[in-house]
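Written out below as structure tokens is the structure these notes cover.
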Amino acid sequence: MMLGCIATMQLDGLTMELIHKDSPQSPLYPGNLPPGEQILQPAACPFAGLHHQTSMMSTNKAVMNRMMSPLTSYGDPFLFLAQVGVGSFQEKSHRTHFKTYYFQIDTGNELSWIQCEGCQNKGNMCFPHKDPPYPSSQSKSYYPVSCNQHSFCEPNQCKEGLCAYNVTYGPGSYTSGNLANETFTFYSNHGKHTALKSISFGCSTDSRNMIYAFLLDKNPVSGVLGMGWGPRSFLAQLGSISHGKFSYCITANNTHNTYLRFGKHVVKSKNLQTTKIMQVKPSAAYHVNLLGISVNGVKLNITKTDLAVRKDGSRGCIIDAGTLATLLVKPIFDTLHTALANHLSSNQNLKRWVIHKLHKDLCYEQLSDAGRKNLPVVTFHLENADLEVKPEAIFLFREFEGKNVFCLSMLSDDSKTIIGAYQQMKQKFVYDTKARVLSFGPEDCEKNG
Numbered sequence: 072m073m074l075g076c077i078a079t080m081q082l083d084g085l086t087m088e089l090i091h092k093d094s095p096q097s098p099l100y101p102g103n104l105p106p107g108e109q110i111l112q113p114a115a116c117p118f119a120g121l122h123h124q125t126s127m128m129s130t131n132k133a134v135m136n137r138m139m140s141p142l143t144s145y146g147d148p149f150l151f152l153a154q155v156g157v158g159s160f161q162e163k164s165h166r167t168h169f170k171t172y173y174f175q176i177d178t179g180n181e182l183s184w185i186q187c188e189g190c191q192n193k194g195n196m197c198f199p200h201k202d203p204p205y206p207s208s209q210s211k212s213y214y215p216v217s218c219n220q221h222s223f224c225e226p227n228q229c230k231e232g233l234c235a236y237n238v239t240y241g242p243g244s245y246t247s248g249n250l251a252n253e254t255f256t257f258y259s260n261h262g263k264h265t266a267l268k269s270i271s272f273g274c275s276t277d278s279r280n281m282i283y284a285f286l287l288d289k290n291p292v293s294g295v296l297g298m299g300w301g302p303r304s305f306l307a308q309l310g311s312i313s314h315g316k317f318s319y320c321i322t323a324n325n326t327h328n329t330y331l332r333f334g335k336h337v338v339k340s341k342n343l344q345t346t347k348i349m350q351v352k353p354s355a356a357y358h359v360n361l362l363g364i365s366v367n368g369v370k371l372n373i374t375k376t377d378l379a380v381r382k383d384g385s386r387g388c389i390i391d392a393g394t395l396a397t398l399l400v401k402p403i404f405d406t407l408h409t410a411l412a413n414h415l416s417s418n419q420n421l422k423r424w425v426i427h428k429l430h431k432d433l434c435y436e437q438l439s440d441a442g443r444k445n446l447p448v449v450t451f452h453l454e455n456a457d458l459e460v461k462p463e464a465i466f467l468f469r470e471f472e473g474k475n476v477f478c479l480s481m482l483s484d485d486s487k488t489i490i491g492a493y494q495q496m497k498q499k500f501v502y503d504t505k506a507r508v509l510s511f512g513p514e515d516c517e518k519n520g
């Protein structure tokens with residue numbers, strides 16, 4: 072936790088640096104941890120990310136064993152973190168300071184929230200964290216929202232006279248607490264800290280089975296910055312600062328950070344494709360029309376019923392930077408898995424690896440450098456646009472037991488197809504929620520597109 076001085080200024084846009092979890096600026100970077108505290112990355116949870124994932128804490132032993140492969144895991148449940156200053160605290164010098172916390176960017180949910188000190192009360196639960204929970208009672212700018220006194224309150228959803236909230240991320244995984252208004256401060260590209268007052272957020276006082284738990288007391292994530300559809304999202308609350316528009320570009324190089332840009336700070340790019348984005352209520356995620364999938368230009372035999380949204384809100388396709396590995400509903404996953412396996416079986420410089428009998432891994436050992444040649448390209452055919460995913464974003468390449476091995480970095484899911492962060496690498500994405508369009512295209516993200 073760090074302190075910083077608060078300043079205010081008029082904005083026509085906003086730029087936030089996103090810190091790659093493995094970069095030297097990250098709190099998880101080994102060089103930034105005291106000796107003996109370097110995190111041994113548990114090869115845990117290939118179903119990383121917040122959305123539609125089964126909580127590790129509530130998973131039975133058989134399923135947990137299936138999730139523990141050192142090759143098919145994706146490490147931490149996030150790829151990038153954002154530093155956000157929260158609150159207004161009076162110091163002895165009479166200057167007002169904020170406290171800095173790390174947030175995960177969440178494009179699949181609406182509400183932003185931070186773990187607050189109330190989680191330490193009897194009957195409540197905190198998820199493990201390297202710092203104490205947010206001391207909301209000490210902040211001069213913290214104002215809890217009284218029951219039914221704000222348009223963001225759910226009717227008659229109250230607790231102890233305050234407007235209550237509950238966000239569920241999966242079976243047994245949720246965070247709950249009260250809504251409040253607070254000052255959020257960001258380091259702007261003007262070289263000053265920029266304070267945004269009266270941001271509505273959730274002050275989390277009870278969290279269960281959060282996916283950050285496996286990092287134990289090394290977990291740096293204090294909360295989530297909600298960027299999905301809905302009036303309570305951080306994006307919507309920025310109003311004229313964002314004009315409903317934001318962009319990001321995910322780097323493949325973990326030593327480089329990237330930027331989340333809003334409003335007029337979104338850099339214009341040429342030759343971007345455009346597709347429609349939709350909201351399928353009650354979800355706050357960004358849905359796109361997925362029409363089909365190809366492997367090396369050959370379209371797969373996928374039925375429309377597996378691609379379309381059902382009446383209960385299942386199926387369909389979401390694009391989400393908060394989910395690491397792409398999830399595909401089982402019929403689509405099985406078809407893609409078979410097509411990739413057939414393609415790779417003809418490569419004599421590869422040897423198939425079976426890591427778990429319980430999990431349908433698609434892994435190969437490279438017998439020579441030629442094993443990485445002629446790997447397939449996967450194309451997601453969206454409405455009026457094609458998202459082409461190169462081999463380095465289809466497979467996860469690792470050195471394991473002295474061998475060069477790679478595995479498919481997509482997973483099967485029971486209900487949803489989600490195009491995740493790994494498959495978005497080296498592409499710029501621009502969300503325009505007012506026009507309801509998503510623009511994207513190849514970009515050198517290390518140049519902060």
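The sequence shown: position 227 = 298 (the working numbering), numbered continuously. Think of the CB as a built atom: it goes at the ideal place given N, C-alpha and C, for glycine as much as any other residue.
With distances taken from CA atoms, which of I321, F169, L250, D383 is nearest S217? L250
Which value, in whole angstroms, describes the spacing of the CA atoms of E188 and S417? 58 Å
Mind pulling the beta strand (DSSP E) runs of 3 or more residues that sit fully within the region 284-356? 292-297, 316-320, 329-334, 344-349
Alpha carbon to alpha carbon, how far is L309 from T256? 13 Å
CA-CA distance, E459 and F272? 36 Å
Name the two residues that bound the continuous alpha helix (DSSP H) containing A396. Per DSSP, A396 belongs to no alpha helix (DSSP H) and is neither H nor E.
Distance between beta carbons of G473 and P175, contact taken as under 8 Å: It should be pointed out that residue 175 corresponds to Gln in this sequence rather than to Pro. Between G473 and Q175 the Cβ distance is about 34 Å, and since that is not below 8 Å, they are no contact.
Mind checking which residues open and close the beta strand (DSSP E) that includes T376? T376 -> not in any beta strand (DSSP E); alpha helix (DSSP H) instead, spanning 375-378.
Measure from the alpha carbon of K352 to the alpha carbon of each residue in N219, W300, C197, S208, then state which is nearest. W300
State buried or exposed for N367, treating a residue as buried only when at least 16 other CB atoms are found within 10 Å of its CB. exposed
Along the chain, where does the alpha helix (DSSP H) containing E514 start, and where does it finish? Per DSSP, E514 belongs to no alpha helix (DSSP H) and is neither H nor E.
Member of G84, L82, D83, I90 whose CA lies at the smallest distance from the CA of N328: I90
Reference S483, options C224, L378, Y214, I403, closest by Cα: I403
Count the other CB atoms, across all protein chains shown, that sit within 10 Å of the CB of K92; report buried if there are 16 or more and exposed otherwise. buried
In terms of residue numbering, what span does the alpha helix (DSSP H) encompassing E463 cover? 462-465
Excluding sequence positions up to five away, which residues of its chain have a Cβ less than 6 Å from the Cβ of M135? The pLDDT assigned to M135 is 27, lower than 50, so where the model puts this residue is not dependable; a value taken from the coordinates is nonetheless given after this. Within the same chain, M135 has no close Cβ partners at all.
Take I490 and list the residues in its own chain whose beta-carbon comes closer than 6 Å to its own, dropping the five residues that flank it on each side. I390, T397
Is the beta carbon of S486 less than 8 Å from the beta carbon of L343? no
Helix, strand or coil: how does DSSP classify N413 here? helix
Taking the Cβ atom as the reference point for each residue, do T346 and A441 lie within a distance shorter than 8 Å? no
Less than 8 Å between the C-beta atoms of P95 and P291, yes or no? no
What does the alpha-carbon distance come out to for the pair F471 and N372? 34 Å
Residue span of the beta strand (DSSP E) that contains E454, given as start and end: Where E454 is concerned, there is no enclosing beta strand (DSSP E), given that its DSSP letter is neither H nor E.
Mind checking whether P204 and Q186 have CB atoms under 8 Å apart? yes
Are the beta-carbon atoms of Y214 and N252 separated by less than 8 Å? yes
Is it right to say P226 is buried, meaning 16 or more other beta carbons lie within 10 angstroms of its own, or is it exposed? exposed
C-alpha distance - T143 paired with C478, whole-angstrom precision: A caution first: T143 carries a pLDDT of 36, below 50, which makes its placement in the model unreliable, though a value can still be read off. Their Cα atoms are separated by approximately 6 Å.
Which residue marks the beginning of the beta strand (DSSP E) containing N252, and which one marks its end? 244-258
Beta-carbon proximity list for K518, same chain, < 8 Å, skipping 5 on both sides: none
Going by DSSP in three states, L446 sits in which element: helix, strand or coil? coil
State the Cα-Cα distance for the pair K499 and K339, rounded to the nearest angstrom. 10 Å
Distance, S365 Cα to D405 Cα: 14 Å
C-alpha distance - Y435 paired with K497, whole-angstrom precision: 24 Å
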